[in-house]
Amino acid sequence: MAAHQMPTTAPGMPHPNAVMATQYAHSQPQPQLHYQHLQKQQLQTFWQQQIQEIEQVNEFRNHQLPLARIKKIMKSDEDVKMIAAEAPVLFAKACEMFILELTLRSWIHTEENKRRTLQRNDIAGAITRGDIFDFLVDIVPRDELKDEDLAVPWPGVPGEPVPYGNMYYPPIPGQPMHHPMEMMVGQPAIAQNPQMMYQPPQQGHMQ
Amino acid sequence: MAGRAHADAGSEGLPQANVKRVVKEKLAELAYEHFDDDRKEKDVLVNKDALLAFSESAKIFIHFLSATANEICRESKRQTINADDVLKAVEELDFPEFCEPLKAALAGFRKENDAKKQDSKRKEVARKRKAGDSNGTDGDIHVNGRLDEAVTMAEDEGFTD
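Chains A and B are the protein sequences, given in the same order.
For what it's worth, the UniProt record's numbering labels the leading residue of the first sequence as 1, then goes sequentially.
For what it's worth, the UniProt record's numbering labels the leading residue of the second sequence as 1, then goes sequentially.
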């Protein structure tokens, strides 16, 4: 009989697991732990699958963002009158995806600056890169951006071009660079597309 | 937050806890995907100020999207913003990658909603039948004709906010 084969079972022990357990119990105490480990693995897999299934089902039921609050925010705009029941659902999903997108881009900024904490200026950095976040330009004013965003060469990394917004600026050793963008302090860094200009609702408290 | 410009102070924002959850889950996912070392499991921390910025941004996004959807709706001479208006608005704002997941969410919502409606109609029909048995219905469940009727009645009543 090959070493890896299980011996024929004692009568009355049909279940393979039981056979294994019996076999192991008869040999040494340690394999008992091995069996328990296998069982634990199986349970883990089982529960992971359960969780996945639940998450799939819940995807449409449990929204990450509360619909009522979203609807309230929508209605704080006087121009918005009637909203079909389906709309807040889409808004919740869109808003969630928007936050995910912004988080991703901000995280890239955090990583580039070798930090472990995502800071407000990372979000500002994400906003100024690319066009799609232009409507957020007023949220985090440019003066919030720190030196690291103005393409100052990192100490200890001499001679390497510093990337900033898809453009590379060769560092001047020993001197902080005067980034061309600095000239535009006080203005949005990216030309505002008039179509994208958005005036938030101007009004007092709406309850 | 003294000294910080608020783009709009009118409406209350999204609950911080929810926003925080979305952000932290994403960061955990990113750390897991991008690192092979001990950074994989370590938390990426989020500054409190940054969390506020996420909330504010999300709120502005909602305003921006609803204003755009509202315009699209008006252009079609309608009063009620519907799902299509929202989908078109999302494209117009240059987030076309959102469209497919949004459509999936919409389909799921509609399916769930229809199931709920069917369920409550069935219960309604059963209740009515119990109450008004003089209509001569027998003990068998011949719901087909009456269920259609009940559903049509419900649809006529409309469904707006």
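Where is the CB? At the ideal position from N, CA and C, for every residue including glycine.
According to DSSP, simplified to helix, strand and coil, what is B/V90? By 1-based counting over the second sequence, the position of residue 90 of chain B is 90. Here B/V90 sits in helix by DSSP.
Residue closest to A/I94, alpha-carbon to alpha-carbon, out of B/E12, B/V125, B/V22, B/S11: Stepping through the first sequence from its first residue, residue 94 of chain A is reached at position 94. Here residue 94 of chain A turns out to be Ala, not Ile, going by the sequence shown. Here the closest residue by C-alpha is B/V22.
In this structure, what does DSSP give as the bridge partners for B/T80? As a first step, residue 80 of chain B must be located in the second sequence, where it is residue number 80. In the DSSP assignment, B/T80 forms a beta bridge with A/M82.
Contacts that B/I81 makes with chain A (C-beta to C-beta distance below 9 Å): As a working mapping, residue 81 of chain B is identified with position 81 in the second sequence. Chain A residues near B/I81: M74, V80, K81, M82, I83, A84, A87.
Rounded to whole angstroms, what's the CA-CA distance from A/S76 to B/K116? Just pull it up for me. The count along the first sequence starts at 1 and reaches residue 76 of chain A at position 76. The count along the second sequence starts at 1 and reaches residue 116 of chain B at position 116. Our two residues, A/S76 and B/K116, have alpha carbons roughly 30 Å apart in a direct line.
Can you list the residues of chain A that B/I72 reaches, using a CB-CB cut of under 9 Å? Position 72 of the second sequence, counted from the start, is the residue given in the question as residue 72 of chain B. Neighbours of B/I72 on chain A: none; closest Cβ ~12 Å, over 9 Å.
Below 7 Å between beta carbons is the criterion; list the residues of the region 47 to 67 of chain B that meet it against any residue of chain D, in chain order. You won't find chain D in this structure, because its protein chains are A and B.
Closer than 8 Å is the cut-off here; do at least three beta carbon pairs connect the region 90 to 100 of chain B with the region 57 to 76 of chain B? Touching, yes.
Along the chain, where does the alpha helix (DSSP H) containing A/N113 start, and where does it finish? As a working mapping, residue 113 of chain A is identified with position 113 in the first sequence. Looking at the DSSP string, A/N113 is not in any alpha helix (DSSP H), and its letter there is neither H nor E.
Could you list which residues in chain B have their beta carbon closer than 7 Å to that of residue 288 of chain A, in chain order? Outside the displayed span of chain A (1 to 207) sits residue 288 of chain A, for which this structure offers no information.
Could you have a look at B/V125 and say whether DSSP puts it in helix, strand or coil? If you number the second sequence from 1, residue 125 of chain B lands on position 125. The answer is helix: DSSP assigns B/V125 an H, G or I state.
If I follow the unbroken alpha helix (DSSP H) through B/R39, where does it start and stop? Stepping through the second sequence from its first residue, residue 39 of chain B is reached at position 39. DSSP places B/R39 outside any alpha helix (DSSP H), giving it a letter other than H or E.
Just to confirm the assignment, what range does the alpha helix (DSSP H) spanning B/S11 have? In the second sequence, residue 11 of chain B corresponds to position 11, counting from 1. Going by DSSP, B/S11 is part of no alpha helix (DSSP H) at all; its letter is neither H nor E.
Collapsed DSSP secondary structure at B/L45 in the structure displayed: Working through the second sequence from its first residue, we reach residue 45 of chain B at position 45. It is a strand residue.
Residue-level contact to chain B via CB, A/E96, 8 Å cutoff: For this step, residue 96 of chain A is matched to residue 96 along the first sequence. At a cut-off of 8 Å between beta carbons, A/E96 contacts chain B.
Taking all protein chains shown into account, decide if A/Q44 is buried (16 or more other Cβ within 10 angstroms of its Cβ) or exposed. On the first sequence, position 44 is the one that residue 44 of chain A refers to. Result: exposed.
Strictly under 8 Å for the Cβ-Cβ distance: is A/R129 near chain B by that measure? The residue given as residue 129 of chain A occupies position 129 in the first sequence. For A/R129, no CB of chain B lies under 8 Å from its own CB, so it is not counted at the interface with that chain.
Pairing CB atoms from the region 33 to 48 of chain B with CB atoms from the region 106 to 124 of chain A, are three or more of them under 8 Å? Taking a cut-off of 8 Å for Cβ pairs, the region 33 to 48 of chain B and the region 106 to 124 of chain A touch, as three or more such pairs fall below it.
Would you say A/P31 lies against chain B (beta-carbon separation less than 8 Å)? To locate residue 31 of chain A, count along the first sequence from 1; it is residue 31. Output row for A/P31: interface = no.
Between the Cα of B/R74 and the Cα atoms of A/L90, A/L102, A/H37, A/M82, which residue gives the shortest distance? Counting from 1 along the second sequence, the entry for residue 74 of chain B is found at position 74. Comparing Cα-Cα distances from B/R74 to each of A/L90, A/L102, A/H37, A/M82, the minimum goes to A/M82.
According to DSSP, is A/V152 helix, strand or coil? By 1-based counting over the first sequence, the position of residue 152 of chain A is 152. Confidence in A/V152 is poor, its pLDDT being 45 and thus under 50, which makes the residue's placement unreliable; the coordinate value appears in the next sentence. A/V152 sits in coil when the DSSP states are folded into three classes, being neither helix nor strand.
Using a Cβ cut-off of 7 Å, pull out every chain A residue sitting near B/K26, in sequence order please. Counting from 1 along the second sequence, the entry for residue 26 of chain B is found at position 26. Going along chain A in sequence order, the residues near B/K26 (Cβ under 7 Å) are L100, T103, L104.
DSSP state of A/L65 mapped onto helix, strand, coil: As a working mapping, residue 65 of chain A is identified with position 65 in the first sequence. Looking at A/L65 - three-state DSSP - the assignment turns out to be coil, as it is neither helix nor strand.
Which two residues bound the contiguous alpha helix (DSSP H) that contains A/I123? By 1-based counting over the first sequence, the position of residue 123 of chain A is 123. Secondary structure note for A/I123: its alpha helix (DSSP H) is the uninterrupted segment 120 to 128.
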